[in-house]
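Read through the structure below, which is laid out as C-alpha cells, and then see the notes.
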Amino acid sequence: MDRMSSSPIWRAVTRNPVSFLTSAAPWRALGYLATSGLLGLLSLIVLGGVVVCGLLLSVAGIGLVVLAGSVLLGIPLAALERRRLRLLEGPHADRPASPHRAVARPGLWPWLTTRLQESATWREFGFAMVFAVLLSVVDLALLTLAGSLVVLIVFPVKVAIVSGQPEALLLTGLGIAVLPVAAYVLGAAAAAQGWFVRLMLAPKEGGQTDRVVELTRSRARMADAFQAERRRIERDLHDGAQQRLVALVMTLGLAEMEFGGTEPKGGRAGELISRARGEAKQALDELRDLVRGIHPQVLTDHGIAAAVSEVAVRCRVPVDVDVELAGRLPTQVEATAYFFISEALTNVVKHSGATSATVRGRLTRDGLSVTVTDNGAGGAELRAGGGLEGLADRVAVVDGRLVLSSPSGGPTALSLEIPCQHSHSVSS
Amino acid sequence: MPAQSLRIVLAEDSALVREGIVELLHKFGHQVVRAVGDADSLITAVRECAPDIVVTDVRMPPGHGDDGLRATTELRKDYPDLPVLVLSQYVANAYAKELFTPSRTPHRQSRAGLGYLLKDRIGELSEFAQAVERVAAGAMVIDPQVVQHILMERDQRHQYQLLSAREQEVLGLMAHGYSNAMVRDALNISDGAVAKHIGNIFAKLGLSPDDGNRRVLAVLAYLRDE
Chain A
445 MDRMSSSPIW
455 RAVTRNPVSF
465 LTSAAPWRAL
475 GYLATSGLLG
485 LLSLIVLGGV
495 VVCGLLLSVA
505 GIGLVVLAGS
515 VLLGIPLAAL
525 ERRRLRLLEG
535 PHADRPASPH
545 RAVARPGLWP
555 WLTTRLQESA
565 TWREFGFAMV
575 FAVLLSVVDL
585 ALLTLAGSLV
595 VLIVFPVKVA
605 IVSGQPEALL
615 LTGLGIAVLP
625 VAAYVLGAAA
635 AAQGWFVRLM
645 LAPKEGGQTD
655 RVVELTRSRA
665 RMADAFQAER
675 RRIERDLHDG
685 AQQRLVALVM
695 TLGLAEMEFG
705 GTEPKGGRAG
715 ELISRARGEA
725 KQALDELRDL
735 VRGIHPQVLT
745 DHGIAAAVSE
755 VAVRCRVPVD
765 VDVELAGRLP
775 TQVEATAYFF
785 ISEALTNVVK
795 HSGATSATVR
805 GRLTRDGLSV
815 TVTDNGAGGA
825 ELRAGGGLEG
835 LADRVAVVDG
845 RLVLSSPSGG
855 PTALSLEIPC
865 QHSHSVSS
Chain B
4 MPAQSLRIVL
14 AEDSALVREG
24 IVELLHKFGH
34 QVVRAVGDAD
44 SLITAVRECA
54 PDIVVTDVRM
64 PPGHGDDGLR
74 ATTELRKDYP
84 DLPVLVLSQY
94 VANAYAKELF
104 TPSRTPHRQS
114 RAGLGYLLKD
124 RIGELSEFAQ
134 AVERVAAGAM
144 VIDPQVVQHI
154 LMERDQRHQY
164 QLLSAREQEV
174 LGLMAHGYSN
184 AMVRDALNIS
194 DGAVAKHIGN
204 IFAKLGLSPD
214 DGNRRVLAVL
224 AYLRDE
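Taken in order, these protein sequences are the chains called A and B. Taking our numbering, the leading residue of the first sequence gets 445, the next gets one more, and so forth. Taking our numbering, the leading residue of the second sequence gets 4, the next gets one more, and so forth.
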C-alpha cells in the first residue's frame with residue numbers, strides 16, 4: 445500500500461482537482477490503459493494458444509514441455525510491463541529492476557533451471573495470467589466507456605448542427621460534466637494497475653536478502669574449496685614426494701653402509717654418496733617447510749596454539765606467543781587465524797624492522813580475537829594490492845574484521861576478530 | 004651386531020618406506036615380524052605378535068591425522084611395558100609432548116622405552132638402528148632437532164637464551180639417550196668438559212643431575228611444565 449500512495453499517478457489523482465485535470469496525468473492514464481487493453485488481448489491470445497496447444501499435446505508428452513514453456517512467457521511480458529510503467533509515471537519515475545538472478549553459466553539449460561527455480565518467474569507467470577484474463581477485460585471495458593463518453597460528447601454536436609436540434613447539446617453538456625469523473629476513474633484504475641505491476645514484478649526485499657545470503661554462501665563454499673584443495677595438495681606431497689625422499693635418504697644410507705662408511709674406506713664414491721644423502725635430506729627439510737606453508741598438519745591435529753608456536757620458532761624476529769584458547773574452533777576459523785598470524789609475522793620480519801613481536805589470542809564472548817604487535821617503525825597501511833589486502837579478503841570470508849593501528853614510529857598492532865561459536869570442551 | 008635380535012612390529016603407510024625400514028632393520032640383525040600400513044592393523048598386529056618393540060609412523064590411515072600416535076597411546080594402556088619408537092615428519096613439539104605426556108588413567112607408571120624421531124633420521128642407518136635398540140632396552144630417545152625446537156620455543160617465550168649452543172648440543176645427545184661417555188666421544192671433548200656442560204644444563208634448568216633416562220625424562224617434564 446505504501447507503494448501505491450507513493451506512485452506519481454496516485455499522487456496526481458489525490459492532488460487538488462484542478463491541477464489533476466489540467467495535468468498530463470489523465471492522458472497518461474488513458475494511454476497506459478489503452479495499450480494495456482491491447483497488450484492484454486494479445487497476451488490472452490498467445491498464452492491461451494500455448495496453453496491449449498500444451499493441453500492437447502499433453503497426451504503425447506511433449507505438451508508438458510510446452511506447458512512448462514508457457515510459464516516462461518511471463519518473463520518477457522513482465523520486462524515489458526516494468527518498462528511500460530514509465531508511460532504511466534513519466535520518464536523520471538524509477539523503473540523497478542529485474543527481480544531475476546544472473547545466470548551463473550552460459551547456455552540454455554542453466555538459464556532454464558535457474559529461471560524455473562526462482563519465485564520471481566512464477567510470480568511473473570501469475571501476473572501474466574491475471575493480465576491476460578482479467579486486466580485485459582477490465583481495461584477494454586474502461587476504454588469502451590471512455591469511447592462512449594467521447595461519442596456522447598461529439599455525436600450530439602453533429603446532431604445539433606445537421607438536424608438543427610439544439611437541445612441535443614444538453615447531452616454534450618452532460619458528457620462534458622461527466623468527463624472529470626471519467627478522468628478520475630481512469631486515473632484510479634491506472635494507478636491501481638501500476639501498483640499491481642510493482643507488487644508482482646518488482647524485486648522483493650526478501651529477494652535481495654536471498655541474493656546476499658546466496659553470495660555469502662557461495663563465497664564460503666569457495667573458501668572451503670580452497671581449503672580442501674590446500675589439504676589435498678598437502679596430503680599428496682606427504683604421501684608422494686616426502687615418502688619418496690625418505691626412501692631415497694634411506695637407500696643412500698644403505699649404499700653408504702655397503703661402502704663401509706665414508707672416508708677412508710668408501711673413498712671418493714663413498715664421499716659422493718654421503719653428499720647425495722645430505723642433499724636429499726636438505727630437500728626433505730625444505731619440502732617439509734613448504735608443506736607446512738600449504739597446510740600445517742599441526743593445525744589440524746593440535747589447533748592454533750601449537751601451530752602458531754611452530755611459526756614463531758621459525759620467525760627471524762623473537763616472538764612471544766600468548767595464545768590461550770580452550771578447546772577447538774571451526775576449521776575455517778582456525779585456518780584463517782593461522783594464516784593471519786603467519787602473514788602478520790612475515791610482514792613484521794619484512795617491513796617493520798622490529799626486534800620483537802607478540803602474538804596474543806583469546807576467546808571473547810563473540811568469538812576469536814587475535815592481535816599481532818611489533819615494536820617496529822610503524823606506518824603500515826592496508827594498501828590495495830598489498831599483502832594485507834589478500835589477508836583482508838580471506839578474513840572477509842569468515843565475516844572477520846581486521847583492525848590496523850600503526851602510527852609512524854610504531855608500535856604496529858594488527859588485530860583480527862572472527863565471530864564464531866566455540867565449545868569449551870577440550871578435545872583430545 | 005646387537006646382543007639380541009629384536010622382534011619388531013612396524014607400522015608405516017608408505018610401502019616404499021616400509022620396505023626400506025624392513026630391509027635396514029634386517030641388516031642390523033632384527034626381525035620385522037609384521038609390517039602394516041594403518042593404525043587399526045597396528046593394534047591387531049601387536050595383540051597377535053607380542054613384539055619386543057613397535058616402530059610406527061605418526062600419520063596413517065584411516066584418519067590421516069595422528070592415528071599412529073593415538074594407536075600407540077591406546078596400546079600402552081593395555082601393554083604398559085611395550086617399548087614404542089615413533090617416526091614423524093613433524094618437528095612440532097605438540098606431537099612429542101603428546102607421546103611423552105604420561106596418560107592419567109593407568110594405575111602403574113609405564114617404564115617401557117619411548118622414542119620420537121624425525122623420519123629423515125632413518126637415513127642415519129646405524130643411528131636409527133641404535134635408537135631402536137635403546138628404546139627396546141627401555142631408554143627414552145627424542146630427536147635432537149625436536150629438543151632444540153622445544154628449547155628455542157622456551158627461549159623465545161622467556162626472551163633470552165637459556166642454554167649455550169654447546170649445552171644445547173649436549174642436551175640433544177642426552178635426549179638421544181647418550182651416556183656421558185658417548186657424549187664425550189660424539190663431541191670429541193674431555194670427560195670433565197662433559198660433566199661441566201651437564202652440570203650447567205641441570206643448574207640452568209633447575210634440576211638435580213641424575214643418570215640415564217630419568218634425566219631425559221626430567222628435562223622433558225621440565226620443558227613440558229613451561
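Every residue, glycine too, gets a C-beta built ideally from N, C-alpha and C. Predicted model only: the values in this text are computed from it and were never measured.
Handout entry: Separation of Ile-620 (chain A) from Ser-480 (chain A), as counted between CA atoms
Key = Walking along the first sequence from the start, residue 480 (chain A) turns up at place 36. Walking along the first sequence from the start, residue 620 (chain A) turns up at place 176. A direct Cα-to-Cα measurement between Ser-480 (chain A) and Ile-620 (chain A) gives close to 25 Å.
Problem - Spatial neighbours of Gln-686 (chain A) in its chain, beta-carbon cut-off 8 Å, leaving aside the 5 residues before and after - result: Within the first sequence, numbered from 1, the residue matching residue 686 (chain A) stands at position 242. Answer for Gln-686 (chain A): Leu-728, Leu-731, Arg-732, Val-735, listed in chain order.
Handout entry: Start-to-end residues for the alpha helix (DSSP H) that takes in Glu-787 (chain A)
Key = On the first sequence, residue 787 (chain A) is found 343 positions in, with the first residue counted as 1. Where Glu-787 (chain A) is concerned, the enclosing alpha helix (DSSP H) stretches over 775-791.
Handout entry: Test: Tyr-119 (chain B) CB closer than 8 Å to a CB of chain A
Key = Position 116 of the second sequence holds residue 119 (chain B). Among the CB atoms of chain A, none fall inside 8 Å of the CB of Tyr-119 (chain B).
Exercise for the section: May I ask you to report which of helix, strand or coil DSSP gives Ile-192 (chain B)? Expected result: Locating residue 192 (chain B) in the second sequence gives position 189, where the first residue counts as 1. Ile-192 (chain B) falls in the coil class under three-state DSSP.
Handout entry: Per DSSP, cross-strand counterpart(s) of Glu-768 (chain A)
Key = Reading the first sequence from its first residue, position 324 is the one you call residue 768 (chain A). Paired residue(s): A:Arg-806.
Problem - contact_flag[the stretch 133-153 of chain B, the stretch 781-792 of chain A] where n(CB pairs < 8 Å) is 3 or more - result: Too few Cβ pairs lie closer than 8 Å, so no.
Exercise for the section: Over the uninterrupted alpha helix (DSSP H) stretch that includes Glu-388 (chain A), give me the two end residues. Expected result: Summary: the structure shown does not reach residue 388 (chain A), with chain A confined to residues 445 through 872, and so no result is reported for it.
Exercise for the section: Take Asp-194 (chain B) and list the residues in its own chain whose beta-carbon comes closer than 6 Å to its own, dropping the five residues that flank it on each side. Expected result: The residue labelled residue 194 (chain B) in the question sits at position 191 within the second sequence. Answer for Asp-194 (chain B): Arg-187, listed in chain order.
Problem - Length of the line joining the Cα atoms of Glu-861 (chain A) and Val-847 (chain A) - result: The residue you call residue 861 (chain A) lines up with position 417 of the first sequence. The residue you call residue 847 (chain A) lines up with position 403 of the first sequence. Straight-line Cα distance between these residues: approximately 8 Å.
Practice task
Go ahead and pull the three-state DSSP assignment for Ala-857 (chain A).
Solution key: Start at 1 with the first residue of the first sequence, and residue 857 (chain A) comes out as number 413. Strand, per DSSP.
Practice task
Enumerate in chain order the residues of its own chain whose CB-to-CB distance from His-795 (chain A) is below 8 Å, with the five nearest sequence positions on each side excluded.
Solution key: Within the first sequence, numbered from 1, the residue matching residue 795 (chain A) stands at position 351. Hits under 8 Å: Gly-820, Ala-824.
Handout entry: Rounded C-alpha distance that separates Val-742 (chain A) from Val-752 (chain A)
Key = In the first sequence, residue 742 (chain A) corresponds to position 298, counting from 1. In the first sequence, residue 752 (chain A) corresponds to position 308, counting from 1. Straight-line Cα distance between these residues: approximately 9 Å.
Problem - Nearest-angstrom Cα separation, counted from Val-547 (chain A) out to Thr-558 (chain A) - result: For the purposes of this step, residue 558 (chain A) is taken as residue 114 along the first sequence, with counting starting at 1. For the purposes of this step, residue 547 (chain A) is taken as residue 103 along the first sequence, with counting starting at 1. When only Cα atoms are considered, Thr-558 (chain A) and Val-547 (chain A) end up about 7 Å apart.
Problem - Buried/exposed call for Leu-532 (chain A), threshold 16 Cβ in 10 Å - result: In the first sequence, the residue the question calls residue 532 (chain A) occupies position 88. Using a 10 angstroms sphere on the CB of Leu-532 (chain A), the tally of other CB atoms reaches 16 or more, which defines it as buried.
Exercise for the section: State the start and end residues of the unbroken alpha helix (DSSP H) segment that holds Met-694 (chain A). Expected result: By 1-based counting over the first sequence, the position of residue 694 (chain A) is 250. It spans 687-702 - the alpha helix (DSSP H) in which Met-694 (chain A) sits, taken as one unbroken run.
Handout entry: First through last residue of the beta strand (DSSP E) which encompasses Ala-14 (chain B)
Key = Along the second sequence, read from residue 1 onward, the residue named residue 14 (chain B) stands at position 11. That run of the beta strand (DSSP E) goes 10-14.
Handout entry: Proximity of Asp-60 (chain B) and Arg-10 (chain B) at Cβ, strictly below 8 Å
Key = Against the second sequence, residue 60 (chain B) aligns to sequence position 57. Against the second sequence, residue 10 (chain B) aligns to sequence position 7. Taking 8 Å as the Cβ cut-off, Asp-60 (chain B) and Arg-10 (chain B) do not qualify as a contacting pair.
Exercise for the section: Note down the Cα distance separating Gly-722 (chain A) from Val-839 (chain A), rounded to an integer number of angstroms. Expected result: For this step, residue 722 (chain A) is matched to residue 278 along the first sequence. For this step, residue 839 (chain A) is matched to residue 395 along the first sequence. The straight-line gap from Cα to Cα measures roughly 41 Å.
Practice task
Tell me whether the beta-carbon of Gly-492 (chain A) lies closer than 8 Å to the beta-carbon of Gly-498 (chain A).
Solution key: As a working mapping, residue 492 (chain A) is identified with position 48 in the first sequence. As a working mapping, residue 498 (chain A) is identified with position 54 in the first sequence. Result no, Cβ atoms of Gly-492 (chain A) and Gly-498 (chain A) do not sit closer than 8 Å.
Problem - Closer than 8 Å to chain A by CB, Pro-109 (chain B) - result: As a working note, residue 109 (chain B) is residue 106 in the second sequence. At Pro-109 (chain B) the pLDDT is 48, less than 50, meaning the model places this residue with poor confidence; the figure from the coordinates comes in the next sentence. No - not a single Cβ of chain A is within 8 Å of the one on Pro-109 (chain B).
Exercise for the section: Kindly list, in the order they appear in chain A, the residues whose Cβ is closer than 7 Å to that of His-179 (chain B). Expected result: Counting from 1 along the second sequence, the entry for residue 179 (chain B) is found at position 176. The contact set of His-179 (chain B) on chain A, defined by CB atoms closer than 7 Å, is empty, because the minimum CB distance reaches about 17 Å.
Handout entry: Interface residues of the stretch 75-95 of chain B facing chain A [CB-CB below 8 Å]
Key = Flagged, chain order: Gln-92, Tyr-93, Val-94, Ala-95.
Handout entry: Within-8 Å CB hit, Leu-734 (chain A) to chain B
Key = Within the first sequence, the letter at position 290 stands for residue 734 (chain A). Closer than 8 Å: no.
Practice task
Determine the extent of the beta strand (DSSP E) in which Gln-7 (chain B) is found, giving its start and end residues.
Solution key: Against the second sequence, residue 7 (chain B) aligns to sequence position 4. Segment: none, Gln-7 (chain B) is in no beta strand (DSSP E) and carries neither H nor E.
Practice task
With DSSP collapsed to three states, give me the class of Val-847 (chain A).
Solution key: Residue 847 (chain A) sits at position 403 when you count from the first residue of the first sequence. Strand at Val-847 (chain A).
Problem - C-alpha gap between Gln-726 (chain A) and Ile-46 (chain B), whole angstroms - result: Your numbering for residue 726 (chain A) matches position 282 in the first sequence. Your numbering for residue 46 (chain B) matches position 43 in the second sequence. Cα-Cα distance, rounded: 34 Å.
Handout entry: Lys-80 (chain B) versus His-33 (chain B) - alpha carbon distance
Key = In the second sequence, the residue the question calls residue 80 (chain B) occupies position 77. In the second sequence, the residue the question calls residue 33 (chain B) occupies position 30. If you draw a straight line from the Cα of Lys-80 (chain B) to the Cα of His-33 (chain B), it is about 26 Å long.
Problem - Under 8 Å by beta carbon: chain B residues contacting Gly-737 (chain A) - result: The count along the first sequence starts at 1 and reaches residue 737 (chain A) at position 293. Neighbours of Gly-737 (chain A) on chain B: none; closest Cβ ~14 Å, over 8 Å.
Handout entry: Those residues which DSSP pairs with Val-39 (chain B) across a bridge
Key = As a first step, residue 39 (chain B) is located in the second sequence; it is residue number 36 there, counting from the start. Answer by DSSP bridge pairing, in chain order: B:Ala-14.
Exercise for the section: Answer with yes or no whether the minimum CB distance from Asp-683 (chain A) to chain B is below 8 Å. Expected result: Within the first sequence, numbered from 1, the residue matching residue 683 (chain A) stands at position 239. Taking a beta-carbon distance threshold of 8 Å, Asp-683 (chain A) counts as an interface residue toward chain B.
Handout entry: Length of the line joining the Cα atoms of Arg-549 (chain A) and Trp-555 (chain A)
Key = Looking up residue 549 (chain A) in the first sequence gives position 105. Looking up residue 555 (chain A) in the first sequence gives position 111. Taking the Cα positions, Arg-549 (chain A) is about 8 Å away from Trp-555 (chain A).
Exercise for the section: Examine chain E for any beta-carbon lying closer than 8 Å to the beta-carbon of Leu-45 (chain B), and answer yes or no. Expected result: Within the model displayed, chain E is absent; protein chains A and B are what it includes.
Exercise for the section: For Gln-687 (chain A), return the contacting residues in chain B, with the cut-off set at a CB-CB distance below 8 Å. Expected result: The residue you call residue 687 (chain A) lines up with position 243 of the first sequence. Within chain B, the residues near Gln-687 (chain A) are Ser-17, Leu-19, Val-20.
Practice task
Taking all protein chains shown into account, decide if Lys-122 (chain B) is buried (16 or more other Cβ within 10 angstroms of its Cβ) or exposed.
Solution key: For this step, residue 122 (chain B) is matched to residue 119 along the second sequence. Flag for Lys-122 (chain B) reads buried.
Practice task
Could you work out which residues of chain B lie near Met-701 (chain A), taking near to mean beta carbons separated by less than 9 Å?
Solution key: By one-based count along the first sequence, residue 701 (chain A) stands at place 257. The contacting residues are Leu-27, Lys-30, Leu-128, Ser-129.
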